[in-house]
Amino acid sequence: MLINGALVHGGTTAAVINPASGQEFERVPNASAADVDSAVAAAKAAFGGWAALPFAKRAACFISFAALLERDKGRLAAALSQEQGKPLKPFAVGEVKMAIGKAKACADSANELVPEEYERNTKGRCTCLWAPRGVVAAICPWNFPLAIAVNKMLCPLVGGNTVVLKPSPMTPLSTLLLSDLAMEAFPPGVVNILAGGSDVGAVLVEHPDVATVTFTGSSATGKRIMASASPSLKKAPRRSCGSANASASRHDPGTKRACVPQAMFNTGQVCVALKRLYVHASQYEEMVAALGAEAREKVQQLGDGLTPGTVYGPLNNAMQRDRVEELVEDARADGARVVAGGERVRPPSAPQGFFYAPTILADLPDTARIVREEQFGPALPVLSYETVDEAVERANDSEYGLGASVWGANRAVNTQRPTPTQAGSIWINNHLGSGLDIDAPFGGVKESGIGKENGGKLAFKAFCDEKYLYAPFPL
713 MLINGALVHG GTTAAVINPA SGQEFERVPN ASAADVDSAV AAAKAAFGGW AALPFAKRAA
773 CFISFAALLE RDKGRLAAAL SQEQGKPLKP FAVGEVKMAI GKAKACADSA NELVPEEYER
833 NTKGRCTCLW APRGVVAAIC PWNFPLAIAV NKMLCPLVGG NTVVLKPSPM TPLSTLLLSD
893 LAMEAFPPGV VNILAGGSDV GAVLVEHPDV ATVTFTGSSA TGKRIMASAS PSLKKAPRRS
953 CGSANASASR HDPGTKRACV PQAMFNTGQV CVALKRLYVH ASQYEEMVAA LGAEAREKVQ
1013 QLGDGLTPGT VYGPLNNAMQ RDRVEELVED ARADGARVVA GGERVRPPSA PQGFFYAPTI
1073 LADLPDTARI VREEQFGPAL PVLSYETVDE AVERANDSEY GLGASVWGAN RAVNTQRPTP
1133 TQAGSIWINN HLGSGLDIDA PFGGVKESGI GKENGGKLAF KAFCDEKYLY APFPL
């Protein structure tokens, strides 16, 4: 762990499990409540000096950090593949590249938080200044642990805040490996990295010297964090939470080829991945059969992420595999047709891992749990609709609103239909296939989040307070 520019080993340790084998492969330190106090105190002490630095000097730290990520990308990608389960190439390597890109983008963001003239008249001038808040607690998930950790670390730093970062206990290793890099790139106390479970997170969130919390994870955990942060009147936690993302398709042959990869990417462990597919009744059986055939082919591509040729790794942990299995079995018991998958898999390269077959479900009601809840796994329920307005209404009938997509041969109709769709990100004839632009704001509506990740100045300003400077003429 990293506290005040020094590596700290902690008093106890915890196992890190390789989901491809189900076995422990590393042990990492656990932070204590005293460690949390020390990390927050260090961040608080470093805040004034870091905030006072000219941006050019802060940018030099980001450039140094990007270079260190580049230097250690092989080590980071290997650790990421082992602890998260995703294939080393291209996905773990790609995630490290995302982190490098974010560091470089932050170094180039000098103009994002410059003072803005708010109002001008003959009597004077009003200028908006962006003031950092102080210590930011950043709590990260296990699906993209490295990329999200770097994003949550650097965005607050751009505006002059300091950070205490805590990864998921399921995937702590790749984030802890950032400790050496952050120690070299940033002044002591600016970045602090702790490890531990929900007990450590609770102490961090409730700490009176933490000004803002940023969190990515489930809606239930996000609500608990907001409740914990509210007594001390912290700024509303920025959170990206649950999802049950919908897609509607009509008369588009590309849907058959694209939907399975975009639903199963990262073994379905993507908050914005396709999780419900609405298909016009006239094409329903044809589409279901094609999707089933595509999913059955994917079974041969499951395996250990370090084995060449693996495209889909295991689910990250046994609890997540069991949840996906439970939702599929619940749908089966309610009469759903299991077109493909619907069972655990034992790939030759990793027979003891937490694998579940790519699954296509048909003939489900909208009330099925796997339709309404976030399953975060490799299962895709396919539902039939008669009219486009009906499809949009049913897609919106969800407590979530993170991502959606519209597919069809008529581009004019497609570009009109997204308007009533209740989601933070909407794709046309695509769903996640083009990725997420780090310069575009990312977030959801309803229970899928508060605030935005990425988006340049939007992401940076989320960790700052506006200050208005009124000055009469002449100055």
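For what it's worth, the numbering used here labels the leading residue of the sequence shown as 713, then goes sequentially. Beta carbons: idealized from backbone N, C-alpha and C, even for Gly.
Counted within 10 angstroms of its Cβ, other Cβ atoms place residue i as buried (16 or more) or exposed
i	result
Leu719	exposed
Tyr1068	buried
Tyr1182	exposed
Ala939	exposed
Glu1159	buried
Thr1099	exposed
Asp747	buried
Arg969	exposed
Gln735	exposed
Ala727	exposed
Phe1172	buried
Val752	buried
Gln1012	exposed
Arg1188	Lying outside 713 to 1187, the shown extent of the chain, residue 1188 is not represented and no answer is given.
Arg739	exposed
Thr979	buried
Ala1152	exposed
Glu1105	exposed
Glu997	exposed
Val1000	buried
Whole-angstrom C-beta distance between residue j and residue i, which should lie under 8 Å
i	j	result
Pro1070	Ala1052	7 Å
Val984	Ser1137	6 Å
Arg1081	Ser1110	Arg1081 to Ser1110, Cβ: 13 Å. No contact.
Pro879	Ala907	6 Å
Arg988	Pro857	Actually they do not touch by this definition, with Cβ atoms about 26 Å apart.
Val847	Thr874	6 Å
Gly1054	Asp1075	No, Gly1054 and Asp1075 are not in contact; Cβ-Cβ is about 13 Å, not under 8 Å.
Leu800	Leu893	Rounded, the Cβ-Cβ distance is 20 Å, inconsistent with contact.
Leu1003	Ile1072	5 Å
Ala956	Tyr1180	So it is not a contact: roughly 41 Å between Cβ atoms.
Ile812	Ala778	5 Å
Three-way DSSP call (helix, strand, coil) for residue i in this model
i	result
Ile937	helix
Tyr996	helix
Thr724	strand
Thr924	strand
Asn742	strand
Asp1149	coil
Asp1109	coil
Trp842	strand
Gly836	strand
Glu782	helix
Lys1173	helix
Leu889	coil
Glu1178	strand
Val1051	strand
Pro799	coil
Glu829	strand
Residue i vs residue j beta-carbon contact at 7 Å
i	j	result
Cys1176	Trp762	no
Ser1096	Ala993	yes
Leu1018	Ser793	yes
Arg845	Ala923	yes
Gly1015	Pro1059	yes
Pro731	Gly797	yes
Asn716	Ala743	no
Leu788	Leu889	yes
Ala960	Val808	no
Asn1108	Met882	no
Val925	Ala914	no
Ala849	Val917	yes
Ala804	Phe767	no
Leu1200	Gln974	Any question about residue 1200 goes unanswered here, given that the chain covers just 713 to 1187.
Cys773	Phe898	yes
Cys840	Glu828	yes
Ala958	Ala1116	yes
Beta-bridge pairing of residue i - partner residues as DSSP gives them
i	result
Gly1115	Ser1137
Val677	Within the shown structure, residues of the chain are numbered from 713 to 1187, placing residue 677 beyond reach of any answer.
Glu1165	Phe1154
Arg962	Gly1120
Lys816	For Lys816, which the question treats as bridged, DSSP gives no partner whatsoever.
Lys878	Ile851
Glu736	Ile729
Glu1037	None, per the DSSP bridge assignment.
Ala718	Ile715
Asn904	Val876
Pro1184	Gly836
Arg1056	Tyr1068
is_contact[residue i, chain B] using C-beta, thresh 7 Å
i	result
Val1094	Any reference to chain B falls outside this structure, which holds one protein chain only.
Any non-hydrogen atom of the ligand FMN within 6 Å of residue i CB
i	result
Pro1153	Inclusion of the ligand FMN in the displayed structure is not the case, the ligand content being empty and no account of it being possible.
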